[in-house]
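Asker: Here the numbering used here is used: the first residue of the sequence shown is 12, the next is one more, and so on.
No residue lacks a Cβ here, since even glycine has one placed at the ideal position from N, Cα and C.
Computed from a predicted model, the values in this text were never measured in an experiment.
Starting off with a structure, shown below.
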Amino acid sequence: MTSASTLRPLVAVVALLAAGSSQAAIQVFTDESSFLAALSSYATDTFDDLMPGQAYDGPLSRSAGSIGYSAWTTPNSPTLYGAGSSSDAWLSSNNAADFIVFDGFSMPVYAAGAYVFGSDLFGEHSSTGITAVRVTNEAAEQSVKFKFRADTTNYFGFLSDTPLVSFEVKTLYGQRNVTWPTVDDLTLAAVPEPGTYAMLLAGLAAVGFVVRRRKR
Ligand SMILES: [Ca+2]
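Dropping the structure here:
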């Protein structure tokens, strides 16, 4: 009798902890303005230094503001491709079946977003096919989002409460309508947003309390 009554509250606490951890997740945005509005600071790589029609040996070392990162393709060809126009260049792959991967961030990155769409053999926009994006954070949580036309207005933004590990882009298409995955305006944010910031401050306050007690 007594052991059963002492066990119950413990089970309740475990259930609460499990519910709490499932809230730690990746928030998804599908338009650039609402994504940027959720960030306190960010930097964007426009890819406008790339030459449309030019091939680039991957991996590429690139940066968005002060955040360095790596851009590469897998699994078929390590070659990346400049797409779009000379006034607004995009990053694409050489092999239409490849993923474009952004990872190796030089500092913890909590948010990543980009325009993700399709381009044709010549690097010009192609709206055929489906674009898909997958992000993974350090808690091994993943978010996968699709858009069923590969339009240049397709935006995918992700805000995580743990640092992001990778942002991957792919297109899916039929045999007649081959579409290359294409990215523009990759935005990265290295500053945790208010929700995560509050947790950090609470942690710092706890540390401060311990330090103050030690001084007595
Ligand atoms: Ca651009």
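Among all residues, which have a Cβ less than 7 Å from at least one non-hydrogen atom of ligand 1, and in what chain order do they fall?
Answerer: This criterion selects 57, 58, 59, 95, 99, 100, 101, 195 and 196.
Asker: With H, G and I counted as helix, E and B as strand and the rest as coil, what does DSSP make of residue 46?
Answerer: Helix.
Asker: What three-state label does DSSP hand residue 205 in the structure shown?
Answerer: DSSP places residue 205 in helix when its eight states are reduced to three.
Asker: For residue 179, which of helix, strand or coil comes out of DSSP?
Answerer: Strand.
Asker: With a threshold of 7 Å on Cβ separation, who are the neighbours of residue 159 within its own chain once the five nearest residues in sequence on each side are excluded?
Answerer: Cβ neighbours of residue 159 beyond the five flanking positions: 141.
Asker: May I ask you to verify whether the segment 176 to 193 touches the segment 34 to 45, counting CB pairs closer than 8 Å and requiring at least 3?
Answerer: With a cut-off of 8 Å, the segment 34 to 45 and the segment 176 to 193 do not count as touching, because too few Cβ pairs lie within range.
Asker: Determine contact between the segment 58 to 74 and the segment 97 to 108, defined as no fewer than three beta-carbon pairs at a distance below 8 Å.
Answerer: In short, these stretches touch, since the Cβ pair count reaches three.
Asker: From the DSSP output, read off the bridge partner residues of residue 66.
Answerer: In DSSP, residue 66 forms a bridge with 92.
Asker: For the segment 45 to 57 against the segment 197 to 204, are there 3 or more C-beta pairs whose distance is under 8 Å?
Answerer: Verdict: yes, contact present.
Asker: Using a threshold of 9 Å, state whether the C-beta atoms of residue 91 and residue 85 are closer than that.
Answerer: No, they are not a contact pair.
Asker: Buried or exposed: which applies to residue 97, given that a residue is buried once 16 or more other Cβ atoms fall within 10 Å of its Cβ?
Answerer: Exposed.
Asker: How long is the line joining the alpha carbons of residue 202 and residue 116, rounded to whole angstroms?
Answerer: If I take the Cα positions, the gap works out to 13 Å.
Asker: For residue 151, count the other beta carbons within 10 Å of its own beta carbon; 16 or more makes it buried, fewer makes it exposed. Which is it?
Answerer: Per the 10 Å Cβ criterion, exposed.
Asker: Residue 170 and residue 46 - do their beta-carbons sit closer together than 9 Å?
Answerer: Cβ distance < 9 Å, so residue 46 and residue 170 count as in contact.
Asker: Please check the pair residue 113 and residue 80, which I expect to be a contact at CB under 8 Å, by giving their CB distance rounded to whole angstroms.
Answerer: Confirmed, about 6 Å.
Asker: Note down, in chain order, each residue of its chain lying with its Cβ closer than 7 Å to the Cβ of residue 139, except the 5 sequence neighbours on either side.
Answerer: So the qualifying residues of the chain are 129, 161, 184, 188 and 190.
Asker: Sorted by chain position, which residues of the same chain lie with C-beta nearer than 6 Å to residue 65's C-beta, five sequence neighbours on each side aside?
Answerer: Answer for residue 65: 93, listed in chain order.
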